[in-house]
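S.K.:
There are 2 protein chains.
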Amino acid sequence: MAKWVYLFKEGKADMRNLLGGKGANLAEMTNLGLPIPQGFTVTTEACTDYYNQGKQISDEIKTQIFEALALLEEQQGKKFGDVSNPLLVSVRSGARASMPGMMDTILNLGLNDDAVEGFAEKTGNKRFAYDSYRRFIQMFSDVVMEVPKSKFERVLDDMKEDKKEELGKKPEDTVYDTDLTAEDMKQVIVKFKEIYKEALGHDFPQNPKEQLIEAVKAVFRSWDNERAIVYRRMNDIPGDWGTAVNVQAMVFGNMGNTSGTGVAFTRNPSTGEKGIYGEYLINAQGEDVVAGIRTPQPITKLKEDMPACYEQFLSIADKLEKHYRDMQDMEFTIEDGKLYFLQTRNGKRTAQAALQIACDLVDEGMITKEEAVSRIEAKTLDQLLHPTFDPQALKEGNVIGSALPASPGAAAGKVYFTALDAKEAHEKGERVVLVRLETSPEDIEGMNAAEGILTVRGGMTSHAAVVARGMGTACVSGCGEIKIDEHAKEFTLGGITFHEGDYISLDGSTGKIYEGDIKTVEATIGGNFGRIMEWADSFRTLKVRTNADTPQDAANAIRLGAEGIGLCRTEHMFFEADRIPKIRKMILSKTVEEREKALQELIPFQKGDFKGIYEVMEGRPVTIRFLDPPLHEFVPTEEKDIADLAKDMNLSVEEVKATCDNLHEFNPMMGHRGCRLAVTYPEIARMQTRAVMEAAIEVKEEKGFDIVPEIMIPLVGEKKELKYVKDVVVATAEEVKKEKNSDITYHIGTMIEIPRAALLANEIAEEAEFFSFGTNDLTQMTFGFSRDDAGKFLDSYYMSKIYESDPFARLDQNGVGQLVKMAAEKGRSVRADLKLGICGEHGGDPSSVEFCHKVGLNYVSCSPFRVPIARLAAAQAAIAQK
Amino acid sequence: MAKWVYLFKEGKADMRNLLGGKGANLAEMTNLGLPIPQGFTVTTEACTDYYNQGKQISDEIKTQIFEALALLEEQQGKKFGDVSNPLLVSVRSGARASMPGMMDTILNLGLNDDAVEGFAEKTGNKRFAYDSYRRFIQMFSDVVMEVPKSKFERVLDDMKEDKKEELGKKPEDTVYDTDLTAEDMKQVIVKFKEIYKEALGHDFPQNPKEQLIEAVKAVFRSWDNERAIVYRRMNDIPGDWGTAVNVQAMVFGNMGNTSGTGVAFTRNPSTGEKGIYGEYLINAQGEDVVAGIRTPQPITKLKEDMPACYEQFLSIADKLEKHYRDMQDMEFTIEDGKLYFLQTRNGKRTAQAALQIACDLVDEGMITKEEAVSRIEAKTLDQLLHPTFDPQALKEGNVIGSALPASPGAAAGKVYFTALDAKEAHEKGERVVLVRLETSPEDIEGMNAAEGILTVRGGMTSHAAVVARGMGTACVSGCGEIKIDEHAKEFTLGGITFHEGDYISLDGSTGKIYEGDIKTVEATIGGNFGRIMEWADSFRTLKVRTNADTPQDAANAIRLGAEGIGLCRTEHMFFEADRIPKIRKMILSKTVEEREKALQELIPFQKGDFKGIYEVMEGRPVTIRFLDPPLHEFVPTEEKDIADLAKDMNLSVEEVKATCDNLHEFNPMMGHRGCRLAVTYPEIARMQTRAVMEAAIEVKEEKGFDIVPEIMIPLVGEKKELKYVKDVVVATAEEVKKEKNSDITYHIGTMIEIPRAALLANEIAEEAEFFSFGTNDLTQMTFGFSRDDAGKFLDSYYMSKIYESDPFARLDQNGVGQLVKMAAEKGRSVRADLKLGICGEHGGDPSSVEFCHKVGLNYVSCSPFRVPIARLAAAQAAIAQK
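If you read the protein sequences in the order shown, they are chains A and B.
What the first sequence shows, in this note's numbering, is residues 8 to 889, in sequence order.
What the second sequence shows, in this note's numbering, is residues 8 to 889, in sequence order.
Have a look at this one:
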């Protein structure tokens, strides 16, 4: 027979998977001999069983719960539902990973019409007893039986209103809960039970065991409530872990002035500073601290109020920190002068505090550098690298909407609706937030000018999101609630209409959108950051490169620790005002000769871009990806631009329009793009090869850097296709080498971003010197999810627990990962020294970086601001593997 | 040292891969002791080597060619380039598979300024000798050196013009080649050599060995000319096979009235009728027969002209047919009364003839039934099942354009531009050809009314193509050359403008479009077809089902041998005029309740459809696929329809438009469709389940058929996703069973059409009772090719030999096939009795059917008219595997 229930004294800290974090720590503290209200834990496996049985608790589990309850009764010398000395318990969730506030809690369970009398007698406090009972009814009804809380609150409000006259108060005065007497509470209880019966058709359960089982079910059920699902997705917590349930004897901090309750940390969770930090309330229960009815006291004041308790508290806190070798977050209650610990856990902390604490613990000799590196949650580093809102200013901020946190950082500025307007305003010295239905590559200069970008359409990997992350500009995307009128230059959100020039503020880390101009604070990277990064670099084996298309981005990435460029997109260079007419000319060319002529004009620009990048990179590797997007992204849509182009090309407006229309595609993501462009127009690849090779040779000569160009052919699905384009590249490269009398070496590789390429990687590796996994496209095609459209249905998938995380943000290791692994193995089977990297969005996601380490890639490449995250995650993966 | 060159006497028939078909047969005939002008074959491997060496013939191969040449000289008693008795040879291509007319031939090679004199002396015919030389120069220049033929023709024309006076002809008279004398030819030769030198910068090669090597190179090169590539793609011939080259001593049929040349078949290639069939010309060379200058005589006339030769010919022809046990296609030449065979091969034949010949050969005891079945080229059966153009009428047809042969058959009718116009015209008794930019599901009734469909956009698997093939209606798609004005109801093609009501004709088997009303001939399926099919069915193990959405289609498919329905699409049912408003109402619903109400109204229709199909299928299995297309395919686009809908729904026109706009997707193929609709709107799956189950139970009861519904969930990529939808289906199905008090059993399965589903097939099989491979979508996503857009670049891929066939027509066994195989194995590993089928377009493609047999699928499903093809291909696969 499986063991589904553990007394606290039967568990220990390393049974977290079975008992949940809270249960394991309560067990550990019990074993340490600390003052813990005793109880037992129903395991996470029981939760899984509950779901497997179609949301039923099996008889076996119920039996074990009641056996544990009997032992608890014996140990406490109280009996469940007893008229003279009833046992009351709390019932709380506790998953493997801490999910504060996400799931349900029920207090004072065990009270019924009889037990409340015994409780009153035992405590000598009738009002306290009846108040506890009515609180229990309310909480049980709301949390367990889903009877709306408001119905109960209305009864209390009515009662207080009725009391005004009796209490001699004026109509405008307030009546407090504390003004209500024991008798009042008795009446409230009667009315509460009536509400219960009316709503549910049966009496409020008087059997405490029935109450208990229903409460346990409610906790299990709460594992799958909407906010828990959202929290899990945000924190990468698997949906099949389940939650444990902790049933614990109640202690009361609200039994008078020798009682109290509080929470405290062993170090400051905001700054990491060493020293006890927390607050408490005399004569209160935990929920009162949270509710904020009274202002709590700083924990140090406890020294004056109850010196013995304080000393005991300090001593235990110190013991716990040493025991767990980490900063602790503790809940405690003092019942009539006696201190109880209700919970301890490794405390949540800001990124800044995490760094400080990790460094301090190393300096204090408590943990190793490996442990320090492993403990920093990689993705929180984002907080350190981007501006944030001033916390004071934020308090007054009015949230008008929220959408996808597409690129982190806080931004405030005046609203502009076109790239051109944004650019002009920026040039006048204004701070700008660019608001668009969706961005397109033509908006690049306006995006560059903006502090923040807000789009109505598009997901985490939309054009706006990708470009903004690359620039380090805050971006909130896919805000479907916005009603935008780009012509009238206004939008409405949260009931407010904003016109051009009005201020809004965006938090790209949370996705929140605020009214007005909220003050931001610049990012500061302190010494702790440097220390941790240095340690991380010493542990990791995976290299970290960046995705950068400009010398500015590249320089920024190097500052953040990038060791090369894994993805330099060449198309972004084409959108600048002086270049786009030339690329359009190329597209409208009718013959190879015309096209070559147009391309010829582009060479100086493209070469100049590459030289700039090679200069900044000082010999570090740079992988240059050849033209990727479909040509229709480059053609004009505005009448005026079309007319200009027609004039320039000596064509009629109709001809230009017809050509542009003809470029239309039903599914552009699977259309004429990537190396397919080079197959139909080899002259494009020739131009790009010439630009790369000339730039490399010239910078090599001018600056003496050891440059080995890496040319990457995108969207390959077949060896012969790569060979075809490669032949064009090699022929041109050799031509340039000859012209320049250079013996420079260069590498040609490909992206693996089409399922077929992964399946045939052994053949493709015969022609490729390196593979770079383009996991954005690979995810799209492996799932059949268009990244720009999936937003419309993915929420339903999260809610029904089909998928638990956004596959575009976190690599789908089961499916897409299978292809990555297969391609890596097949590729290396024919070319042992094949260099493997990843350049999709996943290169900056910690769990994906871990996967890349495990399958043996050589490097990950991510946007500049994610480089530190990738470095840390790579180190953590290496440490974990040891 | 490899052997690159074989004398005819060194080869035999089974060396076809090495020597090519022609070479192997020349060798075989030599060994049979037949009168063959001797020679040698340069192997197909030498061709491959030529390409591998960067289009160079290696010295080793050259040496072997010259060695073989020396032996030939010895055997013939003549010498290459000899002044007194020169050896002349022909140089001809000969691939493994016959590719008539696709590659190059050079005759009379070996002549030069000296040899021509010897040749003249030897033949005693100066004019003949000089004419042969000038023909050789012309052919060599054109075929080998790519000097335009027209330049030479102009010289001849000028010469004839100049001769007019001399010959006493009037200006309007014609001067013939035969009017030119030996001296004239000598002058022509001088001028021809001048042209050669001017064009190429060097003298015409006088060294016969140099001529020979250049000619061999030219033949190798011709393997990759454009028409050969196209022919290979149409006939599934791999590009890496290469061609052999046959060098053969010349014999001359143009040496007077005791000479001649001809071609003949041992049976009639059009009808299959037994008996010699062919034609010949006295005093002519092979090229004269082809050029059609004189009208050839029927072969039987040879009996009168040269009885001995005729008897010898009949005897050899009979011997060859018996030897090869198949109808032979032979070329022969009579040189001065002596008969030579230049070639024999299994003759090409019409589908009708193929059936007749196969049946006759079985009846004659010459071949087994297995051989008979194996010899019919499966895809040619199409010819028998669809109307064709009357051959006489077709001769006068004016081709105005051509595009993709999207659905076979010939059709002629009046042009209409909208589905409604087409329908109305059809109801008036007119024959209609529907011409559209592209079709959409709303056009279904107009398509049904049309004899043929012509679209400007869309590939072989576009909506028009798929639906037309299902209906058996001729369709030509993707004719980008058409300039269409749907509003003005006219289009222009081939310089002609057609208005509504003008006649055009289409051949959906060839893709050709004709002006006017060309007479068509109905398909007739004879007794031979039935015999072959019966034999095929007895050999095959793979079942053949059909894709059918209506009782009509289903009945037709059964007539053609379908054993069930593998894909019944439920969405096509929604487009009919009485249903579309209801589905639109469903889409515009704002709440689940509204949506359920709208769906409720659809149940009777959907149920009625299913009942109709179940009745026709009489208990055969029917796999019903749940709603698949994105909802935007159903919403109205016309202002009027939008207004109607708004009125009906009590919404403003703006609201309706906004909802429709909101359904827009960037990449609809990877958007909100398939089971994703059932995840977001489970009520759709509930409605469809109810319709299926009620229909099945009622027909089962009413007719007593043993119906086991098969419900197929499309576009699944994850086990939990299938489980989620399956739970909805099962709950509803059980509900219906209970209501109807039925114990009917049913199966739930899924399509494997997303790469991820194939990768995780072992997990998905835990929830699926059957898999049906949707290879259309699987091909799209595995390649990253949008089937509607790939047409724009695939031609470049064929021309550069990256891909050799359309992956949407012929299953890509290397890539997509890997996923199919993987999914089959993974699926069966957890569920041994998992039923596997394929329902993509590939189900009707012979090579894909063979693949399906090999990987162990249970059935293929294809459009009704392809059922016989699939049956035959399945039998051939089973026979081949033995």
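By construction, the Cβ of each residue, glycine as well, lies at the ideal position given by its N, Cα and C atoms.
A quick note: this is a predicted structure, and the numbers were derived from the prediction, not measured.
Select from the segment 796 to 811 of chain B all residues with a C-beta closer than 8 Å to any C-beta belonging to chain A, and list them in chain order.
M.R.: Here the close residues are Asp796, Ala797, Lys799, Phe800, Ser803, Tyr804, Ser807, Lys808, Ile809, Tyr810.
S.K.: Which same chain residues, not among the five before or five after Val706(A), have their C-beta less than 7 Å away from its C-beta?
M.R.: Here the set comprises Lys618, Tyr621, Glu622, Phe712, Ile714.
S.K.: Let me check understanding here. Comparing Cα to Cα, which of Thr375(B), Glu384(B), Glu371(B), Ala884(B) lies closest to Asn353(B)?
M.R.: Minimum Cα distance to Asn353(B) is reached at Glu384(B).
S.K.: Does at least one heavy atom of the ligand GTP sit under 7 Å from the Cβ of His579(B)?
M.R.: Only the bare structure without any ligand can be found here, which leaves the ligand GTP out of the picture.
S.K.: Can you tell me whether Thr302(A) is helix, strand or coil according to DSSP?
M.R.: Coil, per DSSP.
S.K.: Short of 7 Å in beta carbon distance, which residues of its chain neighbour Val837(B), apart from the five on each side in sequence? Order them along the chain.
M.R.: Asn769, Ala772, Glu773.
S.K.: Leaving out the 5 sequence neighbours to the left and right, which residues in its chain are closer than 7 Å to Ala256(A) when beta-carbon positions are compared?
M.R.: Excluding residues within five positions, the ones whose Cβ falls inside 7 Å are Pro44, Gln45, Gly46, Leu79, Gln83, Leu94, Val96.
S.K.: For Gly18(B), which residues of its own chain have a beta-carbon under 7 Å away from its beta-carbon, when the five flanking residues on both sides are left out?
M.R.: For Gly18(B), where only same-chain residues beyond five positions count, the Cβ hits under 7 Å are Leu26, Gly30, Ala31, Ala34, Thr48.
S.K.: Could you work out which residues of chain A lie near Tyr731(B), taking near to mean beta carbons separated by less than 7 Å?
M.R.: In chain order: Ser807, Ile809.
S.K.: Within 10 angstroms of its Cβ, does Ala236(A) collect 16 or more other Cβ (buried), or is it exposed?
M.R.: Going by the sequence as given, residue 236(A) is Ile instead of Ala. Label assigned to Ile236(A): buried.
S.K.: Among Lys171(B), Phe143(B), Leu174(B), Lys170(B), whose alpha-carbon lies nearest the alpha-carbon of Phe159(B)?
M.R.: Minimum Cα distance to Phe159(B) is reached at Phe143(B).
S.K.: Who are the neighbours of Glu570(B) on chain A, taking C-beta pairs under 8 Å?
M.R.: In chain order: nothing, as chain A lies at least about 30 Å away.
S.K.: Is the segment 784 to 801 of chain B in contact with the segment 859 to 875 of chain B, if contact means three or more CB pairs nearer than 8 Å?
M.R.: These segments do not touch.
S.K.: Could you check the C-alpha separation between Met719(B) and Ile594(A) for me, to the nearest Å?
M.R.: Distance between the alpha carbons of Met719(B) and Ile594(A) is about 45 Å.
S.K.: Could you spell out the range, first to last residue, of the alpha helix (DSSP H) harbouring Gln218(B)?
M.R.: From DSSP, the alpha helix (DSSP H) with Gln218(B) extends over 215 to 229.
S.K.: Taking only runs of the alpha helix (DSSP H) that begin and end inside the segment 610 to 683 of chain A, which ones reach a length of at least 4 residues, in chain order?
M.R.: Counting only runs of 4 or more, we get 646 to 656, 660 to 669.
S.K.: Touching or not, the segment 689 to 699 of chain A and the segment 733 to 749 of chain A, by the rule of three or more beta carbon pairs under 8 Å?
M.R.: Verdict: yes, contact present.
S.K.: Could I get the ranges of all uninterrupted beta strand (DSSP E) runs contained in the segment 80 to 128 of chain A, with 3 residues as the minimum, in chain order?
M.R.: Entirely contained in the segment 80 to 128 of chain A, the beta strand (DSSP E) runs reaching 3 residues are, in chain order, 96 to 102, 112 to 116.
S.K.: Any C-beta of chain A within less than 7 Å: which residues of the segment 716 to 749 of chain B qualify?
M.R.: Those residues of the segment 716 to 749 of chain B that come within reach of chain A (Cβ to Cβ, closer than 7 Å) are Leu722, Gly724, Glu725, Lys727, Glu728, Tyr731.
S.K.: Taking a cut of 8 Å between CB atoms, which residues from the segment 821 to 836 of chain A lie near chain B?
M.R.: Correct list: Asn821, Gly822, Val823, Gln825, Leu826.
S.K.: Any beta carbon of chain A sitting closer than 8 Å to that of Val442(B)?
M.R.: Not one chain A Cβ lies under 8 Å of Val442(B).
S.K.: Note down, in chain order, all residues in the segment 749 to 780 of chain B with a beta-carbon under 7 Å from any beta-carbon belonging to chain A.
M.R.: Result list: Ile761, Pro762, Arg763, Leu766, Leu767.
S.K.: By how many angstroms is the C-alpha of Lys430(A) removed from the C-alpha of Leu309(A)?
M.R.: Computed Cα separation, rounded: 57 Å.
S.K.: Given that Gly267(A) touches chain B, what residues does it touch there, using C-beta distances under 8 Å?
M.R.: Within 8 Å Cβ-Cβ: nothing; Gly267(A) doesn't reach chain B, min ~47 Å.
S.K.: Are any of the Cβ atoms in chain B nearer than 8 Å to that of Phe498(A)?
M.R.: No, Phe498(A) does not count as interfacial toward chain B.
S.K.: Name the DSSP bridge partner or partners of Ser779(B)?
M.R.: Bridge partners of Ser779(B): Met758(B), Gly844(B).
S.K.: Per DSSP, Ala271(B) is paired with what?
M.R.: Answer is Gly285(B), Met337(B).
S.K.: Drop a sphere of 10 angstroms on the beta-carbon of His506(A), count the other beta-carbons inside from all chains shown, and report buried for 16 or more, exposed for fewer.
M.R.: With fewer than 16 other Cβ atoms within 10 Å, it is exposed.
S.K.: For Glu701(B) and Val732(B), I'd like the C-alpha separation in whole angstroms.
M.R.: Spanning the two alpha carbons is a distance of roughly 19 Å.
S.K.: For Asn5(A), I'd like the list of residues in its chain whose CB is within less than 7 Å of its CB, leaving aside the five on either flank, ordered along the chain.
M.R.: There is no way to answer for residue 5(A), as the model of chain A reaches only from 8 to 889.
S.K.: Helix, strand or coil, according to DSSP, for Cys486(A) in the structure here?
M.R.: Reduced to three states, the DSSP call for Cys486(A) is coil.
S.K.: Rank Gln559(B), Val663(B), Glu403(B) by C-alpha distance to the C-alpha of Pro871(B) and give the top, closest one.
M.R.: Comparing Cα positions, the closest option is Gln559(B).
S.K.: For a cutoff of 8 Å on Cβ pairs, would you count Thr686(B) as touching chain A?
M.R.: The sequence shown places Val at residue 686(B), rather than the Thr named in the question. With 8 Å as the cut-off, Val686(B) counts as an interface residue toward chain A.
S.K.: If we ignore side chains and look at the alpha-carbon of each, how far apart do Lys129(A) and Gly344(A) end up?
M.R.: Near 17 Å, if we compare the C-alpha coordinates of Gly344(A) and Lys129(A).
S.K.: Based on the DSSP secondary-structure assignment, which residues constitute the bridge partners of Phe498(B)?
M.R.: According to DSSP, which records beta bridges pairwise, Phe498(B) is partnered with Ile491(B), Phe505(B).
S.K.: Which residue comes first and which comes last in the alpha helix (DSSP H) that contains Gln194(B)?
M.R.: Segment 189 to 207, the alpha helix (DSSP H) holding Gln194(B).
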